[in-house]
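Here's the structure, in C-alpha cells; my notes come after.
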Amino acid sequence: MGFKFYKQFDGMDCGPTCLRMIAKHYGRNYKQRTLSKICGINREGVSLLGISDAAEKIGFRSLGAKINTHELKQAELPCILHWRQYHFVVLYKIKDNKYYLADPATGLVTLDETNFKSSWLADKNLDEGVALFLSPTPNFFNLEEEEEGEVKWSFLLSYLAAYKKLIIQLGFGLLAGSLLQLITPFLTQSIVDVGINTRNISFMTAILLAQLALIVGRVGVEFIRSWILLHITTRINIAILTDFLIRLMKLPMSFFDTKMTGDIMQRMNDQRTIQNFLAGSTLNTLFSLFNLVIFSVVLIYYNIIIFFVFAASSVLYTAWIILFLKQRRVLNYKSFDTAAKNQSSIIQLINGMQEIKLNNCEQEKRWEWEHIQARLFKFNVKTLALSQYQEGGATFINEGKNILITFLSAEAVISGNLTLGGMLAIQYIVGQLSSPISQLLSFIQNFQDAKISLERLNEIHQVKEEEPPGKEWSHVLPKDKSLRLKNLTFSYAGAGNEPVLKNINLLIEAGKTTAIVGMSGSGKTTILKLLLRFYQPQHGEIKVGDEAIDNISYKTWRNQCGVVMQDGFIFSDNIKRNIAVGEEYPDTEKLNHAIKVANIHDFIDTLPLGLNTRIGADGNGISQGQRQRILIARAVYKNPAFLFFDEATNSLDTNNERQIMDNLSEFFKGRTVVIVAHRLSTVSNADNIIVLDKGRIIEQGTHHELTSQKGDYYRLVKNQLELGL
1 MGFKFYKQFD GMDCGPTCLR MIAKHYGRNY KQRTLSKICG INREGVSLLG ISDAAEKIGF
61 RSLGAKINTH ELKQAELPCI LHWRQYHFVV LYKIKDNKYY LADPATGLVT LDETNFKSSW
121 LADKNLDEGV ALFLSPTPNF FNLEEEEEGE VKWSFLLSYL AAYKKLIIQL GFGLLAGSLL
181 QLITPFLTQS IVDVGINTRN ISFMTAILLA QLALIVGRVG VEFIRSWILL HITTRINIAI
241 LTDFLIRLMK LPMSFFDTKM TGDIMQRMND QRTIQNFLAG STLNTLFSLF NLVIFSVVLI
301 YYNIIIFFVF AASSVLYTAW IILFLKQRRV LNYKSFDTAA KNQSSIIQLI NGMQEIKLNN
361 CEQEKRWEWE HIQARLFKFN VKTLALSQYQ EGGATFINEG KNILITFLSA EAVISGNLTL
421 GGMLAIQYIV GQLSSPISQL LSFIQNFQDA KISLERLNEI HQVKEEEPPG KEWSHVLPKD
481 KSLRLKNLTF SYAGAGNEPV LKNINLLIEA GKTTAIVGMS GSGKTTILKL LLRFYQPQHG
541 EIKVGDEAID NISYKTWRNQ CGVVMQDGFI FSDNIKRNIA VGEEYPDTEK LNHAIKVANI
601 HDFIDTLPLG LNTRIGADGN GISQGQRQRI LIARAVYKNP AFLFFDEATN SLDTNNERQI
661 MDNLSEFFKG RTVVIVAHRL STVSNADNII VLDKGRIIEQ GTHHELTSQK GDYYRLVKNQ
721 LELGL
C-alpha cells in the first residue's frame, strides 16, 4: 500500500498537512483545520517548533535536528523536512539513492540525490539540512481520533436539484442528439450499398436530404442544449458564490488573519471549478458514456473483431498517456522553484530599479536573471522532449488503430463479410467513439480538481460562525456603558509567541476619554482589537457594565462603535459613500456634520465633483492625511456610543490635527472614547491615560499627574514636552 497523500488547502498549510500525512501513516485520522489550529498557524505560516508542539499534543515523540544525508538514510521514516528554506515536505522512503517525498503543494515525487540535496540542504558547505523526526507514543493510539473529513457532494447536488426540469430537458436533448448521430452510419451505408450499387440517384438524393435534415436537427438540438446549459451553469455559479460570501462574512476576524488574500481568492475560483464540473463535465461525460455504449453496441453489430481491436487500442492509448504523468510531475516539481525565482526576479528588477541604479548593479542583477533563464530553458527542453515522446506514442497508437481497423474492415469487404457501405459506417462509428475516450480522461482530471476544491470549500463550512445560530444573544446594550477588562491575557497564534497582554485589569469609564500610550509592540492596538471582538482572549473577560461582552450580539456591539484603525480601508467609491458606508441614501445633515468635524470640507470643495468624486483603487489617489480625515468622518457619521481611535491623526499636519481635535473634543462629550496614540497633543486632554509596557499596565492617571511623577510616561513624551507640542 502506497503512502497516503493529502494536498494542502492554503499557501501556508504545508506544515499541518505534513503532520496529517504522518498521523495517517500510523493509522490515525485528523482534520486539516484541527492540526492547523494546534500548530498555531498564522499569516506567515507555521514554524518547525509549532509542528513539533502540535505533534506532541496528538501523541508523537518529536526530535528536531540538523543532519547530513548519510545520517538521514539511517533515520526512522517518515519525517518532516524543511524544504527550500520556506516549505515543509514529508520524506517517507529512501531506496537506491532515490528519495521519495510527499510534497503537500505538488504531490508524490521521487528525486535523485543531487536534486534532493539542492532543495533540502540549509548549509551546503556542511552538507546538513533540517529534519523533524516523529515516532508515536502509546498515548498516540489512546487519544480519540477524528473522523476523516468526507467530501460532501450532497449540498452541491442540491444546487442541481433546483433545476431538475431543465436538466431533464437537457437530457432529452442530448439523448435526441445521440440518436440522430446514431442514424448517420446507417444512412452512409445505404448510400453506398443501395444508392451507388443500384445507381439510384433518386434514392441517394432522398438519403442525402435526410442526412441534411438530421444535421439541421442536430444543430438545433445543440443550440437549445447550449442555452439551457448556460442558464443552469450561470444560475448555479451565482448561487454557490452568493452562499459562499454569506458564509465568509459570518466568520470571525481571526480567520482572515490566518489566510492570505490569494487563498481566499482561490476558494472563489473553487466555486467555478465545482460549478463547471457539476453542470459541464459531469453532464457531458454522462452522455458521452451513453454514446460510448450505444456506438460500441453498433460496432459489435457490424464486426465484433474490430470492436475488440478498438477496445484494446483505447486501453493501450490510455495507459500510454498515464505512463508519462509521473515523469511530468517530477519535471514540473523541478521547474517550480526556478519559475518562482524567475517571477520574483522580474518583480525585484522592476520594483527595485531605483536602488539598482543608485548602487550601479545593473549588470549583476541582469546576470542573475539570465542564469535563471538558462535553467528554465533546460527544463523546457526536457519538457518538450517528454511531450514529444508522449504525443508521438499516442499518435502512433491512435493512427495504428485506425490503419488496423481500415485493414480489417477492407478485408471483411473483400471476403464478403461486410459491404462497402458498412466499411464507411464503421469508420464513422470509430470516429464517434474516439471523442468519449478523450473526454473520460479529461473527466478524471476534472473530478480530482473538483474534489480538492470541495475539500477547501468544506473547510470554510467547518469554521464556527462569529454568531452561532443556537446561542441566545443580547441585542440591547446595558445602561452602564463602562468597559471592564478583568485579568485579560492574550497572545497571537504561533508557537512560542509570548503573550502580548498579561493580566490586564482596566476600567474604561462611560462618557470619558481614555488614552493608551506606550512603546511600539506594547499591546495598545491589541486592546482595541479585543474590545472590537476581532479575537477572543486566552484568559480573563471583557464586560460592558455588568454584562459579558461575549453575550452581546456582534452586530449590535459594532453598530455602536465608531472606529478609525491604522489600516482603515478606503473603498473604490465616491467620497459620500465612503463616509456613509452601507447606506444607499446618506443623511445630508449627518454627512455635513461629519465632514465639518473631520475638517475635510476644504479638500472636497476643490474637487470638480465634490462628494461624488470617486476615490480608492479605481478613482483619484488621496494623501494619507486626507485618507485619515475620511476615516474620522466615517466614524463621526455613525454617531456611535463608543469611539476607538488607533493613531487616527498621525498623518496629519499640526494645524489640521489641532483643528480636528478641537472639533472632536465637542463630539466626544457623553461618549466612551478610547484613543491609542503617540502624540502628546492627542492624549494630553484625556480623562485617564494608560501607560503600557510589554503587555502590562505600568502607570495610569491624568496628563498632569503622570508628568509630575516623572516616570515612564514623562520619559515617553519628554521630547514633545520640550518642543512645546
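End of the sequence shown sits at 725 in the UniProt record's numbering; the numbers just go up one at a time, nothing left out.
Ideal Cβ positions, reconstructed from N, Cα and C, are used throughout, including at glycine.
**Q.** At least three beta-carbon pairs within less than 8 Å, the segment 567-585 to the segment 654-671
**A.** No, the segment 567-585 does not touch the segment 654-671.
(Q) Rounded to the nearest angstrom, what separates G518 and N719 at their Cα positions? (A) For the purposes of this step, residue 518 is taken as residue 518 along the sequence shown, with counting starting at 1. For the purposes of this step, residue 719 is taken as residue 719 along the sequence shown, with counting starting at 1. Those two C-alpha atoms are separated by around 14 Å.
Q) Which class does D687 belong to by DSSP, given the choice of helix, strand or coil? A) Locating residue 687 in the sequence shown gives position 687, counting from the first residue. Three-state result, D687: coil.
Q) In the structure shown, what three-state DSSP assignment does S135 receive? A) Numbered from its first residue, the sequence shown carries residue 135 at position 135. Reduced to three states, the DSSP call for S135 is strand.
Q.
Cutting at 6 Å between CB atoms, please list the residues of its own chain near residue 735, excluding the five before and the five after it.
A. Since the first residue shown for the chain is 1 and the last is 725, residue 735 is missing from the structure and cannot be characterised.
Q.
Taking the alpha-carbon of L424 as reference, which of S435, D687, I437 and L408 has the nearest alpha-carbon?
A. What you label residue 424 is simply residue 424 of the sequence shown in a count that begins at 1. If you compare the alpha carbons of S435, D687, I437 and L408 with that of L424, the shortest gap goes to L408.
Q | Residue of L180, E657, G616 and M268 minimising C-alpha distance to A210 | A | Translated into positions along the sequence shown, residue 210 becomes position 210. The option with the nearest alpha carbon to A210 is L180.
Q | Candidates S442, G416, T273 and K555: closest to D451 by CA position | A | For the purposes of this step, residue 451 is taken as residue 451 along the sequence shown, with counting starting at 1. Before going on, a small fix: residue 451 reads as Lys here, not Asp. For the residues S442, G416, T273 and K555, the minimum Cα distance to K451 belongs to T273.
Q. What does a CB cutoff of less than 7 Å around K7 pick up in its chain, not counting 5 residues either side in sequence?
A. Position 7 of the sequence shown, counted from the first residue, corresponds to residue 7. Result list for K7: P104 and I452, in chain order.
**Q.** Cβ neighbour criterion (16 or more within 10 Å) applied to T588
**A.** Residue numbering aside, residue 588 sits at position 588 when the sequence shown is read from its first letter. By the C-beta density criterion, T588 is exposed, having fewer than 16 other C-beta atoms within 10 angstroms.
Q | Backbone CA spacing between E699 and I527 [nearest angstrom] | A | The residue you call residue 699 lines up with position 699 of the sequence shown. The residue you call residue 527 lines up with position 527 of the sequence shown. Using only the alpha carbons, I get a separation of about 16 Å.
Q) What are the partner residues of residue 732, as DSSP defines its beta bridges? A) Nothing can be reported for residue 732, as the shown portion of the chain is limited to 1 through 725.
Q: Only counting runs of 3 or more residues, tell me where the beta strand (DSSP E) segments fall wholly within the UniProt domain "Peptidase C39" (8-127), in order along the chain.
A: Runs of the beta strand (DSSP E) inside the UniProt domain "Peptidase C39" (8-127): 60-67, 79-83, 87-95, 98-103, 107-112 and 121-123.
Q) Roughly how many angstroms separate the alpha carbons of E459 and T395, rounded to a whole number? A) Walking along the sequence shown from the start, residue 459 turns up at place 459. Walking along the sequence shown from the start, residue 395 turns up at place 395. Each residue's CA atom was taken as its position, placing E459 and T395 some 42 Å apart.
Q. Starting from H539 and walking both ways along the beta strand (DSSP E), at which residues does that stretch end?
A. For the purposes of this step, residue 539 is identified with residue 539 of the sequence shown, where counting begins at 1. Segment H539 to V544, the beta strand (DSSP E) holding H539.
Q. Mind checking whether Y92 and L81 have CB atoms under 7 Å apart?
A. Walking along the sequence shown from the start, residue 92 turns up at place 92. Walking along the sequence shown from the start, residue 81 turns up at place 81. Not a contact, by the Cβ cut-off of 7 Å.
Q: May I ask you to list the residues that DSSP assigns as paired with S651?
A: Within the sequence shown, residue 651 is the residue found at index 651, counting from 1. S651 is not bridged to any residue.
(Q) Which runs of the beta strand (DSSP E) at least 3 residues long sit entirely within the segment 503-558? Give them in chain order. (A) Listed in chain order, they are 513-518 and 539-544.
Q. From Q709, I322 and A598, pick the residue whose C-alpha is nearest to that of S438; which is it?
A. By one-based count along the sequence shown, residue 438 stands at place 438. For S438, the closest alpha carbon among the candidates Q709, I322 and A598 is that of I322.
Q.
Less than 7 Å between the C-beta atoms of D480 and G545, yes or no?
A. One-based indexing of the sequence shown puts residue 480 at position 480. One-based indexing of the sequence shown puts residue 545 at position 545. The answer is yes: Cβ separation under 7 Å.
Q. What's the C-alpha gap between P136 and R456?
A. Here residue 136 corresponds to residue number 136 of the sequence shown, with the count starting at 1. Here residue 456 corresponds to residue number 456 of the sequence shown, with the count starting at 1. Those two C-alpha atoms are separated by around 28 Å.
Q) What is the rounded straight-line gap between the Cα of A312 and the Cα of N303? A) In the sequence shown, counting from the first residue as 1, residue 312 sits at position 312. In the sequence shown, counting from the first residue as 1, residue 303 sits at position 303. Rounded to whole angstroms, A312 to N303 spans 15 Å at the Cα level.
Q. At what residues does the alpha helix (DSSP H) containing G392 begin and finish?
A. On the sequence shown, residue 392 is found 392 positions in, with the first residue counted as 1. Counting along the chain, the alpha helix (DSSP H) containing G392 begins and ends at E362 to I414.
Q. Which class does N574 belong to by DSSP, given the choice of helix, strand or coil?
A. Position 574 of the sequence shown, counted from the start, is the residue given in the question as residue 574. Correct three-state label for N574: strand.
Q | Assigned secondary structure, Q700 (DSSP; H/G/I helix, E/B strand, else coil) | A | As a first step, residue 700 is located in the sequence shown; it is residue number 700 there, counting from the start. Note: Q700 maps to strand in three-state DSSP.
Q: Verify whether the separation of the beta carbon atoms of T489 and N503 is less than 7 Å.
A: The residue given as residue 489 occupies position 489 in the sequence shown. The residue given as residue 503 occupies position 503 in the sequence shown. In this structure, T489 lies near N503, with their beta-carbon atoms less than 7 Å apart.
Q) Going by the beta-carbon positions, is the gap between H703 and S681 smaller than 7 Å? A) Taking the first residue of the sequence shown as position 1, residue 703 is located at position 703. Taking the first residue of the sequence shown as position 1, residue 681 is located at position 681. S681 sits away from H703, with the two beta carbons spaced by 7 Å or more.
Q) Just curious, the alpha helix (DSSP H) that R484 is in, first and last residue? A) Residue 484 sits at position 484 when you count from the first residue of the sequence shown. Unbroken run through R484 is the beta strand (DSSP E), L483 to F490; no alpha helix (DSSP H).
Q | With 16 other Cβ atoms within 10 Å as the buried cut-off, status of N291 | A | Within the sequence shown, numbered from 1, the residue matching residue 291 stands at position 291. So N291 counts as buried.
Q: Go ahead and pull the three-state DSSP assignment for S623.
A: What you label residue 623 is simply residue 623 of the sequence shown in a count that begins at 1. Residue state, collapsed to three classes: coil.
Q: Could you tell me the distance, in whole angstroms, from the CA atom of C361 to the CA atom of K24?
A: As a first step, residue 361 must be located in the sequence shown, where it is residue number 361. As a first step, residue 24 must be located in the sequence shown, where it is residue number 24. Approximately 50 Å, taken between the alpha carbons.
Q: Classify E391 as buried or exposed, calling it buried when 16 or more other Cβ atoms lie within 10 Å of its own Cβ.
A: In the sequence shown, residue 391 corresponds to position 391, counting from 1. Counting C-beta atoms within 10 angstroms of its own C-beta, E391 has fewer than 16 neighbours from the protein chains shown and is therefore classed as exposed.
Q) Could you check where the beta strand (DSSP E) with L643 kicks off and where it finishes? A) In the sequence shown, residue 643 corresponds to position 643, counting from 1. Boundaries of the beta strand (DSSP E) harbouring L643: F642 to D646, taken from the DSSP string.
Q: Tell me whether D587 sits in a helix, a strand or coil according to DSSP, three-state version.
A: Stepping through the sequence shown from its first residue, residue 587 is reached at position 587. Correct three-state label for D587: coil.
Q: Determine contact between the segment 630-646 and the segment 593-610, defined as no fewer than three beta-carbon pairs at a distance below 8 Å.
A: The segment 630-646 and the segment 593-610 touch, with no fewer than 3 CB-CB distances between them shorter than 8 Å.
**Q.** Nearest residue (CA-CA) to L182, options G64, F295, S118 and N612
**A.** Taking the first residue of the sequence shown as 1, we reach residue 182 at position 182. Minimum Cα distance to L182 is reached at F295.
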